[in-house]
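Per my numbering, the sequence shown starts with residue -10, numbered consecutively. For every residue, glycine included, the Cβ atom is placed at its ideal position computed from N, Cα and C. Read the structure below first, then the notes.
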Amino acid sequence: MGCSRRIQKSIKKLRIELCKITVGRPNCSKVPTDAVTTPRGTEFVVEREDGHIIKISVIEGEVEFTDNIKNKSYLIQEGYEAIINLGETITIRKIENLERWWEK
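Here is the structure:
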């Protein structure tokens, strides 16, 4: 499978997962997105914790996160992570310990 085909497949999978995170419905095409991330670096990790809690850890570069519910953007710098409860709170803190599961 070519590189662009793998990327398209990954993007499709990410969109499906984002639908599950933001609205919990199988058909998201008619539902507005609650949040948008804009990577400005090369390495970051997004994890979903309980329900609507999302954790973004930036290893290299920076990621802009926009909470569309609150209409507010945050810039997460290299070496920091954001714990996000959509529409409610966001906590940005220095990364204490990052398990690099993808390197194993």
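Could you tell me the alpha carbon to alpha carbon distance between Asn86 and Asn57, rounded to whole angstroms?
Taking the sequence shown and counting its residues from 1, one reaches residue 86 at position 97. Taking the sequence shown and counting its residues from 1, one reaches residue 57 at position 68. One C-alpha to the other measures close to 29 Å.
Among Ile81, Thr80 and Ala71, which has the Cα closest to the Cα of Glu36?
Along the sequence shown, one-based indexing puts residue 36 at 47. For Glu36, the nearest C-alpha among the options comes from Ala71.
Let me check one thing: in DSSP terms, what residues is Thr98 bridge-paired to?
This structure gives no information on residue 98, because the portion of the chain shown stretches from -10 to 93.
Under a three-way DSSP split, which group does Glu36 fall into?
Here residue 36 corresponds to residue number 47 of the sequence shown, with the count starting at 1. Correct three-state label for Glu36: strand.
Can you look up Glu49 in the DSSP assignment and give me helix, strand or coil?
Here residue 49 corresponds to residue number 60 of the sequence shown, with the count starting at 1. Three-state DSSP puts Glu49 in a strand.
Apply the 10 Å Cβ neighbour rule to Ser46 and answer buried if 16 or more other Cβ atoms are within range, or exposed otherwise.
Taking the first residue of the sequence shown as 1, we reach residue 46 at position 57. Buried, since its Cβ has 16 or more Cβ neighbours within 10 Å.
What residue from Val34, Glu49, Gln66 and Asp39 has the CA that sits closest to Asn74's CA?
Position 85 of the sequence shown, counting from 1, holds the residue named residue 74. Of the candidates Val34, Glu49, Gln66 and Asp39, the one whose C-alpha sits nearest the C-alpha of Asn74 is Asp39.
Out of curiosity, what's the CA-to-CA distance linking Glu88 and Tyr63?
Along the sequence shown, read from residue 1 onward, the residue named residue 88 stands at position 99. Along the sequence shown, read from residue 1 onward, the residue named residue 63 stands at position 74. Cα to Cα, Glu88 sits roughly 24 Å from Tyr63.
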